[in-house]
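For any residue, its number in my numbering is found by taking its place in the sequence shown, counting from 1, and adding 4.
Quick notes on the structure that follows.
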Amino acid sequence: MMKASKSVQCGEYFRNRLQLPVHQRTHTGEKPFECSKYRNRFNCGKRFSWSGNLRLHQRTHTGEKPFECSVCGKRFIDSSTLQRHQRTHTGDKPFECSECGNRFSQNGTLQQHQRTHTGEKSFACSECGKKFSRSGSLQQHQRTHTGEKPFECSVCGKKFNRSVTLQQHQRTHTGEKPFECSGCGKKFRLE
Numbered sequence: 005m006m007k008a009s010k011s012v013q014c015g016e017y018f019r020n021r022l023q024l025p026v027h028q029r030t031h032t033g034e035k036p037f038e039c040s041k042y043r044n045r046f047n048c049g050k051r052f053s054w055s056g057n058l059r060l061h062q063r064t065h066t067g068e069k070p071f072e073c074s075v076c077g078k079r080f081i082d083s084s085t086l087q088r089h090q091r092t093h094t095g096d097k098p099f100e101c102s103e104c105g106n107r108f109s110q111n112g113t114l115q116q117h118q119r120t121h122t123g124e125k126s127f128a129c130s131e132c133g134k135k136f137s138r139s140g141s142l143q144q145h146q147r148t149h150t151g152e153k154p155f156e157c158s159v160c161g162k163k164f165n166r167s168v169t170l171q172q173h174q175r176t177h178t179g180e181k182p183f184e185c186s187g188c189g190k191k192f193r194l195e
């Protein structure tokens, strides 16, 4: 029988001892797998903690979306994203918080919610030590140290450190104004 390995940062146990070092990357932010595909004549260079995530990311370069929703026809790069999407049609929320009973359509959303009860911040910046409750928040914060801007506008090439900032910028090209004042009806690019 194999002895379980435990994460020092979050206390999670792993039956397979090889899974622990891979899990630790969620705490350290280490990303040893780099995309070598080219986008707009430049090496993409985006990095990942897991080789499987790199393979999925590379589908963004090829445009491959092999998984199709039988309800609406929308296509996805992986089966788990398709399954999550299908819950938008069914309204299924299979993940329940044991503290308050709130239900969620995604396990990750449940885990993120549960940290509101515990106050846990197990994702620490290796540069400055600042702690975060979400790995995505840590990754975003780390860009303040590295200057990385992985989100590039396909129209003008301008780069951004957050995807939401890129989305806002892209509206300058499309003219889209999705936010409307309920008082006067005027539309805006930003909320």
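Note that beta-carbon positions come from the ideal geometry of N, C-alpha and C, so glycine has one too.
Predicted model, so just to flag it, every value in this text is computed and none were measured.
query, result
"Alpha helix (DSSP H) runs wholly inside the region 88 to 160, at least 4 long, in chain order", "111 to 122 and 139 to 150"
"Limits of the alpha helix (DSSP H) - the one that residue 170 falls within", "167 to 178"
"Residue 8 versus residue 117 - alpha carbon distance", "27 Å"
"Three-state class that DSSP yields for residue 20 in the structure shown", "coil"
"Segment contact, 8 Å Cβ cut-off, at least three pairs: the region 61 to 79 with the region 155 to 167", "no"
"Proximity below 8 Å, CB of residue 11 to CB of residue 22", "no"
"Backbone CA spacing between residue 112 and residue 175 [nearest angstrom]", "29 Å"
"Under the three-state DSSP convention, the category residue 83 falls into", "helix"
"Residue 59, DSSP secondary structure in three states", "helix"
"For residue 143 and residue 33, the rounded distance between their alpha carbons", "7 Å"
"Length of the line joining the Cα atoms of residue 182 and residue 18", "45 Å"
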